[in-house]
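Student: Residues are numbered in the numbering used here as their position in the sequence shown, beginning at 1, plus a constant of 23. A virtual CB, placed ideally from N, CA and C, is assigned to each residue, including glycine. As the structure is a computational prediction, the values presented were derived from the model and not from experiment. Before I ask anything, let me first share the structure, which is written out below as structure tokens.
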Amino acid sequence: RLPNWLGELQILRRISLRGTPIMRLPATLGAIEALQEVALDEPGSGSSLVSPPAVVVQAGNSAILAYLRRSYSAVLHRQLDLSGFSLTIFPFAAISAPSTLTSLSLSNNNISSIPDDLKTLTGLKHLDLAANNISALPASIFGRLSVLRSLSVKGNPITFLPLTLGGLEHLEYLDFDPGLLTSPPRDISIKSVQALLHYIRRAYAGRASGHLDLSQSELSEIPEEVTHWSPLGPSSRGVLSNPVVEAALQAAADAPAMEDPLVHSPDIRRIRDTPAL
């Protein structure tokens, strides 16, 4: 292990760590403006280094220095930007104080999944995951980021936004690809971000109270939030005041999660003898 005080060697130009069992380079190396070279073993040659990750080491000296300097900047400003490093996993080893980090940008990488450790970043206000390969946003993780204000997942193959986002009262900016989403439905996702957040919050509140009210949402079909609804409260009744297609209603009738929803369509017709769901 290397001591943090190495960052005080302000005239250091080169450091060689080849042949050493070092696992992590201290972020304070990024404070040395004169540093021009960090010599490390190539990944796969017996190296035990985890930070910087192998993909950064393989990219060469310039990438290593940039990674260290951005990691040190996070120590000073509580904002970590590791976008564009071709990372395949979350770089938690670069975060020295997870609970104090306020901004994390990992855009333009090759990350495919979100680890459970993300929920330890309890002070996170801004999270940028744009242009990766992430296909799912784990509901249990995002429900823990209570002070999150902005989230970007644009450029990922995400089809479902978890309802737990509706419990984030500070969330005001959400960037995504509406054409890929199946939940919330397209009727909502093509509207403004404010409309989508309003919808998610109503659906989330419905889970907590047991009463799902999506009236005046201008839905054209029964959304997945209804047919796959798992209420948290003691009752499970829902109100939808929107035009719905009868085929979608019949499909929803086969879903066991919700009992006796009252569906009204005043703009087209009243659906009578509504079947129990």
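Between the Cα of F7 and those of L129, L150 and Q217, spot the shortest distance and give me the residue it belongs to.
Tutor: The question about residue 7 has no answer, for the chain in this structure spans 24 to 300.
Student: Does the region 93 to 112 come within contact of the region 37 to 46, defined as at least 3 CB pairs closer than 8 Å?
Tutor: Too few Cβ pairs lie closer than 8 Å, so no.
Student: Could you tell me the alpha carbon to alpha carbon distance between E247 and Y227, rounded to whole angstroms?
Tutor: The alpha-carbon atoms of E247 and Y227 are separated by roughly 13 Å.
Student: Round the Cβ separation of A117 and L103 to the nearest angstrom and send it over; I've been treating them as touching at under 8 Å.
Tutor: Right, the Cβ-Cβ distance comes to about 7 Å (below 8 Å), so this counts as a contact.
Student: Taking A77 as part of the alpha helix (DSSP H), name the residues at either end of that continuous run.
Tutor: Looking at the DSSP string, the run of the alpha helix (DSSP H) that includes A77 is A77 to A82.
Student: Quick one, which of R101, S136, I134 and L141 has its alpha-carbon nearest L124's?
Tutor: Looking at the Cα atoms, R101 is the closest of the given residues.
Student: Where does L147 fall in DSSP's three states?
Tutor: Of the three classes helix, strand and coil, the one that applies to L147 here is coil, per DSSP.
Student: Which same chain residues end up closer than 6 Å to E31 when comparing Cβ atoms and leaving out the 5 residues on each side of it in sequence?
Tutor: Nothing meets the Cβ criterion.
Student: State the beta-bridge partners of S38 as determined by DSSP.
Tutor: Note on residue identity: the sequence assigns Ile, not Ser, to residue 38. DSSP output for I38 lists V61 as bridge partner(s).
Student: When you compare each of A89, K142 and P44 to A162 by their alpha carbons, which one comes out closest?
Tutor: Minimum Cα distance to A162 is reached at K142.
Student: Using 7 Å as the cut-off, classify the Cβ of A57 as near or not near the heavy atoms of the ligand HEM, replying yes or no.
Tutor: Among the components modelled here there is no ligand, and therefore nothing to report on the ligand HEM.
Student: Excluding the 5 residues flanking V216 on each side, which residues of the same chain have their C-beta closer than 6 Å to its C-beta?
Tutor: Taken in chain order, the residues that qualify are L197.
Student: With DSSP collapsed to three states, give me the class of Q102.
Tutor: Q102: strand per DSSP, three-state reduction.
Student: Got a sec, what are the start and stop residues for the alpha helix (DSSP H) H221 sits in?
Tutor: Unbroken alpha helix (DSSP H) run through H221: V216 to S232.
Student: Return yes when the Cβ of S212 is within less than 8 Å of the Cβ of L220, no when it is not.
Tutor: Result no, Cβ atoms of L220 and S212 do not sit closer than 8 Å.
Student: Which of the three DSSP states, helix, strand or coil, is assigned to D210?
Tutor: Three-state result, D210: helix.
Student: Within 10 angstroms of the Cβ of P279, are there 16 or more other Cβ atoms? Answer buried if so, exposed if not.
Tutor: No answer about P279 holds up, because its pLDDT of 48 lies below 50 and its placement is not dependable.
Student: Determine which residues share a DSSP beta bridge with L88 and list them.
Tutor: BP columns for L88 are empty, so no partner.
Student: Ordered along the chain, which non-local residues of its own chain (more than five positions away) have a Cβ less than 6 Å from that of N84?
Tutor: Result list for N84: E60, in chain order.
Student: Going straight from the alpha carbon of A275 to that of L88, what length do you get?
Tutor: Because the pLDDT of A275 is 47, which lies under 50, any placement of that residue in the model is unreliable, and the number read from its coordinates should be weighed accordingly. Whole-angstrom Cα-Cα distance: 55 Å.
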